[in-house]
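K.L.:
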Amino acid sequence: MAKLKSKPCDRCNNLVDLRYRIQYESDGDWVMVCPGCWSQVSQDNPHYRYGGTWKAKKKSPAKNQAQS
Ligand SMILES: [Zn+2]
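Below, the structure written as structure tokens:
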């Protein structure tokens, strides 16, 4: 099993390895949400804005060696 650096969703606090950077309130901050929350808050939402995707990086020392 690959070790991923999962991070918590800003909305439901589930640890996930894929999050979307979005705004979903008119005066809201940018938040990082999991795909589940993203589909909930983005639907029929005029305030929804998409700012990017965050993916967990695999922790692999062997790969770092190849990079340098
Ligand atoms: Zn969530």
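Following our numbering, the numbering of the sequence shown begins with 4 at its first residue and continues without gaps. Every residue, glycine too, gets a C-beta built ideally from N, C-alpha and C.
Let me know the secondary structure DSSP gives residue 49 once reduced to three states.
P.N.:
DSSP places residue 49 in coil when its eight states are reduced to three.
K.L.:
For residue 12, count the other beta carbons within 10 Å of its own beta carbon; 16 or more makes it buried, fewer makes it exposed. Which is it?
P.N.:
Buried: at least 16 other Cβ atoms inside 10 Å.
K.L.:
What residues are listed by DSSP as bridge partners for residue 61?
P.N.:
For residue 61, which the question treats as bridged, DSSP gives the partners 7.
K.L.:
Are there any heavy atoms of ligand 1 lying less than 7 angstroms away from the beta-carbon of residue 48, as far as the coordinates show?
P.N.:
Checking every heavy atom of ligand 1 against the Cβ of residue 48, none is found closer than 7 angstroms.
K.L.:
Taking only heavy atoms of ligand 1 into account, decide whether any of them is closer than 7 angstroms to the Cβ of residue 24.
P.N.:
No, Cβ of residue 24 sits at least 7 angstroms from all heavy atoms of ligand 1.
K.L.:
Run through the stretch 7-33 for me and flag every whole beta strand (DSSP E) of 3 or more residues, listed as ranges in chain order.
P.N.:
List check, beta strand (DSSP E) in window: 21-26.
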